[in-house]
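Residue numbers (the numbering used here), protein chains in the order written: chain A, 2 to 254; chain B, 613 to 855.
For glycine and all other residues, C-beta sits at the position ideal for the given N, C-alpha and C.
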Amino acid sequence: MKRTLTYVASICALLFIWEMASIAVNAINNAPLLPGPFNALSQVVKNAAELQHHFLASAWRLILAILIALATGVPLGLTTGREPTLDRFLSPIIYITYPIPQVALILFLFVVFGTGSGTKVAMVALVLFFQILVSARGAAKNIPEEHIISVRSAGASRWQIYWHVILPASLPDILTSVRVSIGLGIAFLYIAETNAALGTGLGGYINKHMLFQRDRAFAGIIALALLGLILYLAVDGLERILCRWKYVSRRAR
Amino acid sequence: MIEVRSLKIDYGSPGSAVRAVDGVDFTLDRGRSLALIGPSGCGKTTILFSISGLLLPTEGTITISGTPVTGPRRDVALILQNAGLLPWKTVWQNANLSLLLSGDYPKQDAGAVLDELGLSEVKDRYPAELSEGMKRRVGIARALSTAPSVMLMDEPLASLDTLTRERIQDLFLTLWRTHKFSLILVTHDIEEAAFLGQEILVLTERPARIKERVENPEMGGLDYRESAAYTQTVRKLREVLEK
Ligand SMILES: Nc1ncnc2c1ncn2[C@@H]1O[C@H](COP(=O)(O)OP(=O)(O)O)[C@@H](O)[C@H]1O
Ligand SMILES: [Mg+2]
């Protein structure tokens, strides 16, 4: 009950700050530059069907990109974290390519994947791949040796060590990097969607309306924020199921 | 029977090797118990890991029931310092882990052992929800689940309070007598060695060598701590360690 109240208060504070900012910006410039939250929200309602269409397009691109980044980054990160020879071979490659801003490759991706969803998903997946790879590698390196020894002495094969120890031990860190990936992924999805002016997606929608129908553009931003929030809550829920052991210590003994 | 012959173990690469164990010999007949005691860092864990097959000797041989040790084996169980439980597995999953890894679960399970150790009530809990004493018992349950003929323990009771430690030492003694496994216990605790070791090997500082063998033939009763023989063994061990 108290928690719900805090959430409501927090949302109200956000809307209040937005409204104040809007009043201030518009007064200083003597022109309606920044729409207030209520204008934007009424545009959300008015354009619900259109927004839903763009929302779903962005949502599935982001989710697909996260899944691709997980499917590649987790196995590679965990193995480089645990196998010194592989790590010596791959670490230089990772550290040389990691700092390259992956957006620099966006035109190249357009050439390869075309102007459809392929490029947008590839762009986001590429950014998140590094994010998840580096987290998974770090997590795998930090596993207490006694956990490994304990299953090794019971005759575990290499594969069993990964499945029973390395993956579950790294999962909390991997899920944290997925949370970071949601914010990062939305930012890069926006860039990719605005670069391809055609087609669906909230990025294009926001960009299209930013100059002349700013309250509609802000309705798009609200939808993008909602996408992030929903994915965040989904990861939280997933963590409560997959990492239940982390929450039990708060229960009484 | 466990036979350890001229065991030498080095860490590091051949050029810059650090010798941890330098010529250890002993034989342990089936069903007997042996305690290894020595200062910390002397090489006790190293000896135990080589017997459990986690570490190959640099020189010398180890055989169990006539076959050389080349890797972890099902008839040898190892209990580690903090029980070696995996925090993401429940008591039931932890206790059945060895059976699961060897493919024997769920045909066999640790149900009976958990009953015997009084853990059935907590089998759906996670290690974080258990007291330290209970965690050790779960570690014991996993070790016993495969009915091993050799039980290796690496300072299994370090960091427990005195009363819990004595209670679990009593449990070890009872289990050793009922399950009839051969026991090798590594400890730096004189009283623990005297209570649980039929024979006690006192080791030197690193690299580990055998400084002295102390026979402790009268051990085996739960009331052994009250006896004169126990007091004498404790005194003897203290003398040898201080020498
Ligand atoms: N993986 C390792 N690499 C290098 N040296 C090690 C390694 N493990 C242990 N040692 C060294 O070997 C010696 C014996 O270690 P250990 O067998 O763990 O001692 P104990 O169990 O008696 O405290 C110590 O000096 C330790 O520093
Ligand atoms: Mg040790």
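| Asked | Found |
| --- | --- |
| Heavy atom of ligand 2 within 6 Å of residue 799 of chain B beta-carbon | no |
| Test item: CB-CB of residue 760 of chain B and residue 793 of chain B under 7 Å | yes |
| Buried or exposed (CB count within 10 angstroms, at least 16 for buried), residue 2 of chain A | exposed |
| Any C-beta of chain A under 7 Å from that of residue 765 of chain B | no |
| Residue 825 of chain B: first and last residue of the uninterrupted beta strand (DSSP E) it sits in | 822 to 827 |
| For residue 699 of chain B, three-class secondary structure by DSSP | coil |
| Beta-carbon proximity check, residue 706 of chain B vs residue 750 of chain B, cutoff 7 Å | yes |
| Residue 627 of chain B in three-state terms, based on DSSP | helix |
| Within 7 Å, strictly: CB atoms of residue 626 of chain B and residue 817 of chain B | no |
| Partners in chain A for residue 708 of chain B, counting only beta-carbon separations shorter than 8 Å | Going along chain A, no residue has its Cβ under 8 Å from residue 708 of chain B, so there is no contact; the nearest lies around 11 Å. |
| Within chain B, the residues that residue 169 of chain A reaches when beta carbons sit closer than 9 Å | 698, 699, 700, 701 |
| Where residue 666 of chain B meets chain A, residues with beta-carbon distance less than 9 Å | 150, 153, 154 |
| Close Cβ partners of residue 65 of chain A (< 7 Å) along its chain, the five nearest in sequence each way excluded | 122 |
| Residue 657 of chain B: CB within 6 Å of a non-hydrogen atom of ligand 2 | yes |
| Cutoff 7 Å: residue 137 of chain A Cβ touching any chain B Cβ | no |
| Close Cβ partners of residue 110 of chain A (< 7 Å) along its chain, the five nearest in sequence each way excluded | 120, 123, 124 |
| Status (buried if at least 16 other CB within 10 Å, exposed otherwise) for residue 738 of chain B | buried |
| Buried or exposed (CB count within 10 angstroms, at least 16 for buried), residue 13 of chain A | exposed |
| 8 Å contact criterion, which residue 79 of chain A and residue 157 of chain A should meet: CB distance rounded | Going by Cβ atoms, the distance from residue 79 of chain A to residue 157 of chain A rounds to 15 Å, so no, they are not a contact pair. |
| Residue 855 of chain B in three-state terms, based on DSSP | coil |
| Per-residue DSSP class, three states only, for residue 121 of chain A | helix |
| Range of the contiguous beta strand (DSSP E) that encloses residue 764 of chain B | 762 to 766 |
| Under 9 Å from the C-beta of residue 828 of chain B: neighbouring residues of chain A | Correct list: empty, because the minimum Cβ distance to chain A is about 27 Å. |
| Limits of the unbroken beta strand (DSSP E) element including residue 692 of chain B | Segment: none, residue 692 of chain B is in no beta strand (DSSP E) and carries neither H nor E. |
| 7 Å Cβ cutoff met for residue 648 of chain B and residue 813 of chain B | yes |
| Close-in-space but distant-in-sequence residues of the same chain around residue 170 of chain A (CB under 6 Å, 5 per side omitted) | 144 |
| Beta-bridge pairing of residue 845 of chain B - partner residues as DSSP gives them | Bridge partners of residue 845 of chain B: none, in fact. |
| Bounding residues of the beta strand (DSSP E) (the contiguous stretch that carries residue 84 of chain A) | Run containing residue 84 of chain A: none; DSSP gives neither H nor E here. |
| Partners in chain B for residue 140 of chain A, counting only beta-carbon separations shorter than 7 Å | Within 7 Å Cβ-Cβ: nothing; residue 140 of chain A doesn't reach chain B, min ~13 Å. |
| Residue 74 of chain A and residue 134 of chain A closer than 7 Å at C-beta | yes |
| Residues that DSSP places opposite residue 50 of chain A in a beta bridge | BP columns for residue 50 of chain A are empty, so no partner. |
| Contacts around residue 852 of chain B, its chain only, beta-carbon distance under 8 Å, and the 5 residues preceding and following it disregarded | 814, 823, 824, 826 |
| Residue 13 of chain A CB to nearest heavy atom of ligand 1 below 6 Å | no |
| Cβ-Cβ distance between residue 772 of chain B and residue 803 of chain B below 7 Å | no |
| Residue 855 of chain B to residue 747 of chain B span [Cα, whole Å] | 36 Å |
| Separation of residue 766 of chain B from residue 716 of chain B, as counted between CA atoms | 26 Å |
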